[in-house]
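Undergrad: Let me begin by handing over the structure; questions about it come next.
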Amino acid sequence: MQQVLNIQDRTQAFLKFLIFFVITTLIVIGAIFYNYRLPSKENARLKQEVETNRLQESNQEKFLTEMQLAVILLDSIKADIPNVEQISSQFKTKADLLDKLKDGSGPTYTKINSVTLQKLMELYDAKRSGIDLRKKVKDLEVAAAEGLRYKDEADRLRNTQFTN
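For the sequence shown, the numbering used here assigns the number 1285 to the initial residue and increments by one for each residue that follows.
See the structure below:
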């Protein structure tokens, strides 16, 4: 058999080819792996985010529904109705429920819900103060009318006393 003269050059070229082939194959396999593996992780993360958003939206809808019912109760609180204390009690129950629901809607909605609930409670306090003031005004009017009646009675007695 004949000996090849450039066997050393051929072996060196073959080894270079083999190294570049392995590197290229690893790069292709790595790219395929990341092409399939990373999107599935991202999809799982995005699905979790969607589920979290749906839960927050559901909690926000519950909060809004309860808020609407609380506003209806607040509008029902008037001084001239006999069961104002019962309606106030129902309103306070709704307010407690709203206080529990405000935290389940994510950080932005939680801040908005807190401020909304605070303003609703301020309205409730103002309405209750107004009812209390109206009651006091009525009591003062009754007392003033009674005082006028006593004054008229006293004037009448004085006049009858001087005429005798």
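Cβ atoms here follow ideal geometry from the backbone N, Cα and C, with glycine treated the same way.
When you compare only the Cα positions, how much space is there between Glu1425 and Glu1369?
TA: Those two C-alpha atoms are separated by around 23 Å.
Undergrad: Could you give the first and the last residue of the continuous alpha helix (DSSP H) run that contains Pro1323?
TA: Residues 1291-1360.
Undergrad: Could you give the distance in angstroms between the alpha-carbon of Tyr1434 and the alpha-carbon of Arg1442?
TA: Those two C-alpha atoms are separated by around 12 Å.
Undergrad: Taking Tyr1408 as the reference, give the member of Val1306, Ser1324, Ser1372, Gln1286 with the closest Cα.
TA: If we check each option's Cα against that of Tyr1408, Ser1372 comes out closest.
Undergrad: Take Leu1357 and list the residues in its own chain whose beta-carbon comes closer than 7 Å to its own, dropping the five residues that flank it on each side.
TA: For Leu1357, where only same-chain residues beyond five positions count, the Cβ hits under 7 Å are Ile1371, Gln1374, Phe1375, Lys1378.
Undergrad: Let me know if Lys1325 comes out buried or exposed under the rule of 16 or more other beta-carbons within 10 Å of its beta-carbon.
TA: Answer is exposed; the Cβ neighbour count stays below 16.
Undergrad: Which of helix, strand or coil does DSSP assign to Gln1286?
TA: In the structure shown, Gln1286 sits in coil (DSSP, three-state: anything other than H, G, I, E or B).
Undergrad: Using DSSP with H/G/I as helix, E/B as strand and the rest coil, what is Ile1396?
TA: Three-state result, Ile1396: helix.
Undergrad: Would you mind stating whether Asn1343 and Ser1389 have Cβ atoms separated by less than 9 Å?
TA: Yes, these two residues count as a Cβ contact at 9 Å.
Undergrad: Here's the rule I'm using: 16 or more other beta-carbon atoms within 10 Å means buried, otherwise exposed. How should Phe1301 be labelled?
TA: Classification for Phe1301: exposed.
Undergrad: Who are the Cβ neighbours of Gln1318 in its own chain at under 6 Å, not counting the five residues just before and after it?
TA: The residue you asked about is not Gln; residue 1318 is Tyr in the sequence shown. For Tyr1318, where only same-chain residues beyond five positions count, there are no Cβ hits under 6 Å.
Undergrad: Is the distance from the Cβ of Leu1401 to the Cβ of Lys1411 below 9 Å?
TA: Not in contact: Leu1401 and Lys1411 (Cβ atoms no closer than 9 Å).
Undergrad: What is the residue span of the alpha helix (DSSP H) that Asp1387 lies within?
TA: Element bounds for Asp1387: n/a, residue is neither H nor E.
Undergrad: Could you tell me the distance, in whole angstroms, from the CA atom of Gln1287 to the CA atom of Val1312?
TA: Going from the Cα of Gln1287 to the Cα of Val1312 covers about 38 Å.
Undergrad: What number of angstroms, rounded off, separates the C-alpha of Ala1429 from the C-alpha of Ser1360?
TA: Distance between the alpha carbons of Ala1429 and Ser1360: 30 Å.
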